[in-house]
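A short worksheet on the structure shown next.
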Amino acid sequence: MAAIVPEKVYEKAEEYWATQASDVDGMLGGFEKLHIPDINDSKKFIAYLRKSKLLIGNEVAVDCGAGIGRVTKHLLLPAFKIVDMVDVTESFIENSAKYIGELNNRVENKFVQGLQDFTPMEGRYDLIWIQWVAGHLTDEDFIQFFQRCIKGIKSQGCIVLKENIASGKRDFDAIDNSWTRPESEVLSLFEQAGLDVVVNRKQHNFPQGMYEVRMFALKPSKNN
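Below is the structure:
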């Protein structure tokens, strides 16, 4: 792989997202039809984590790569008392209050930051939810971000990554400047970050011909 200049990678990604509409279709790259099956499977995943005692509390969650708050509104606010949002695109954050509506009063913090710069407050979160955004991180920043997330979750908290998975080698999307990694690489990055995968589940009911999407529930490695 050619030498990567992280600043350039992130700069181009920010430029791309700044051109996208502040609506569900814009958040999903023109695939608004994915919204309902996505949220439904994510709800089932959280319910399974609770049933399995892998996720105990329901106080505070954070939506990483939140956009206008699609996941915040439909997945996290119904399940947690308080939600924080993180997104690099200022216009999305600015438009999120209107999209979220009356539930916006339970969104406590809205951070305009890329994940390469975001540091979760220590011990704040029951759940850190990271969806369709980690592909924008270089490998080094991916590892370091997830290491910061370990410090950000409560002792009985959980980190979830929901992400596209490449079937062969990693793919680079020159349009939005992101990588789609194969599962083996994602698992290796988790290990390097000091995380164990406690649940690994495939997203169902997406159209054929798309990337496989997987949900990984993560806990700090017992070896740390």
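Letter 40 of the sequence shown, counting from 1, is numbered 40 in the UniProt record's numbering, and no numbers are missing. Note that the Cβ used here is the ideal one computed from N, Cα and C, for glycine as well.
Taking C-beta atoms under 8 Å as the contact rule, Leu195 and Ser221 qualify, at a distance of about 6 Å. Restricting attention to Asn223, Lys151, Leu218 and Phe206, the CA atom closest to the CA of Asn40 is found in Phe206. Going by DSSP, Ser184 is part of the alpha helix (DSSP H) stretching over Glu183 to Ala193.
For Arg214, the enclosing beta strand (DSSP E) begins and ends at Glu212 to Pro220. Selection Ala21, Gln20, Glu15 and Ile159 evaluated against Leu54 yields Ile159 as nearest (Cα-Cα). The secondary-structure analysis by DSSP pairs Asn164 across a beta bridge with Val213. Of the residues assessed, His204 falls on the exposed side of the cut-off, its CB having fewer than 16 other CB atoms within 10 angstroms. One alpha carbon belongs to Met85, the other to Lys43, and they sit about 18 Å apart. In the three-state reduction of the DSSP assignment, Ala61 falls in the strand class, which pools E and B. Positions of the alpha helix (DSSP H) runs, each at least 4 residues long and wholly inside the region 56-132, are given as 90-100 in order along the chain.
By the criterion of a C-beta distance shorter than 6 Å, Trp179 is surrounded in its chain by Gly135, Arg170 and Phe172, once the five residues flanking it on both sides are discounted. Here Thr89 really is in contact with Ala18; their C-beta atoms are around 6 Å apart, less than 8 Å.
In the displayed model, Asn200 falls within a strand according to three-state DSSP. When DSSP states are grouped into helix, strand and coil, Lys43 belongs to the helix group.
Taking the CA atoms as reference points, Arg148 sits about 31 Å from Ile36. Note that the region 116-123 does not touch the region 91-108; fewer than 3 beta-carbon pairs, one per stretch, sit closer than 8 Å. Sixteen is the threshold: when 16 or more other Cβ atoms of the shown chains lie within 10 Å of the Cβ of Asp63, as they do, the residue is buried. Closest in alpha carbon position to Glu59, among Val24, Arg106, Ala13 and Glu15, is Arg106. In the three-state reduction of the DSSP assignment, Lys33 falls in the helix class. Phe146: member of the alpha helix (DSSP H) spanning Asp139 to Gly152, first to last residue. Per DSSP, the beta bridge partners of Trp179 are Phe172. Inter-residue distance for Gln20 and Ala47 is about 32 Å (C-alpha atoms, whole angstroms).
Val5 and Phe80 have their C-alpha atoms roughly 38 Å apart.
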